[in-house]
Amino acid sequence: MPNNQPRPGRLALLRIPLFRLLAINLAIGACAAALLVGGLLWLNPGHLRDLIFADHSGGVALGLLLASFLITFGSAAMGSAIMAQGRKEDQDRRDSGGHGSRLAVRELAQRARTR
Numbered sequence: 012m013p014n015n016q017p018r019p020g021r022l023a024l025l026r027i028p029l030f031r032l033l034a035i036n037l038a039i040g041a042c043a044a045a046l047l048v049g050g051l052l053w054l055n056p057g058h059l060r061d062l063i064f065a066d067h068s069g070g071v072a073l074g075l076l077l078a079s080f081l082i083t084f085g086s087a088a089m090g091s092a093i094m095a096q097g098r099k100e101d102q103d104r105r106d107s108g109g110h111g112s113r114l115a116v117r118e119l120a121q122r123a124r125t126r
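Spelled out as structure tokens, the structure:
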């Protein structure tokens, strides 16, 4: 009787919140890259589509174009998701009545006054 339960190590990476956040945002960036390459091929600016498909190794050019956009948009989406994490924590601190984030200069000045 086959067991339909996933093995413990099989999906362990998806249980880590940071990895899951990065994987989701990489997928969002990959979709944006695919849409942009498709749009470039459809609109054919500067006869780009004609140039790619007229070449005998057009698949290599198309693959490089897609890979470069995938790296660019994937890393931009992942980076913005990571940077947005701090914004949520700051907002939670402000909502809870905390002091929020302070500049290092103000923090040092306050420490000097209390001594």
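For the sequence shown, our numbering gives the first residue as 12, with consecutive numbering after it. Ideal Cβ placement from N, Cα and C applies to all residues, glycine included. Computed from a predicted model, the values in this text were never measured in an experiment.
Could you tell me if residue i is buried or exposed, where buried requires 16 or more neighbouring beta carbons within 10 angstroms of its beta carbon?
| i | result |
| --- | --- |
| A120 | exposed |
| A44 | buried |
| G40 | buried |
| L81 | buried |
In whole angstroms, what is the alpha-carbon distance linking residue i and residue j?
| i | j | result |
| --- | --- | --- |
| M89 | R122 | 36 Å |
| H6 | F64 | Here the chain covers residues 12 to 126 and nothing more, so residue 6 does not appear. |
| L62 | L46 | 19 Å |
| S129 | G50 | Summary: the structure shown does not reach residue 129, with the chain confined to residues 12 through 126, and so no result is reported for it. |
| H67 | A115 | 59 Å |
| N55 | T83 | 21 Å |
| A23 | I93 | 21 Å |
| G97 | S79 | 28 Å |
| L52 | C42 | 15 Å |
| T125 | L77 | 57 Å |
| R26 | N36 | 16 Å |
| V48 | G85 | 14 Å |
| A129 | A38 | Given a span of 12 to 126 for the chain in the structure shown, any question on residue 129 remains unanswerable. |
Along the chain, where does the alpha helix (DSSP H) that runs through residue i open and close?
| i | result |
| --- | --- |
| P28 | P28 to L54 |
| D61 | L59 to A65 |
| A120 | A115 to T125 |
Original post:
Are the region 22 to 39 and the region 61 to 77 in contact at 8 Å, needing three or more beta carbon pairs?
Top reply: no
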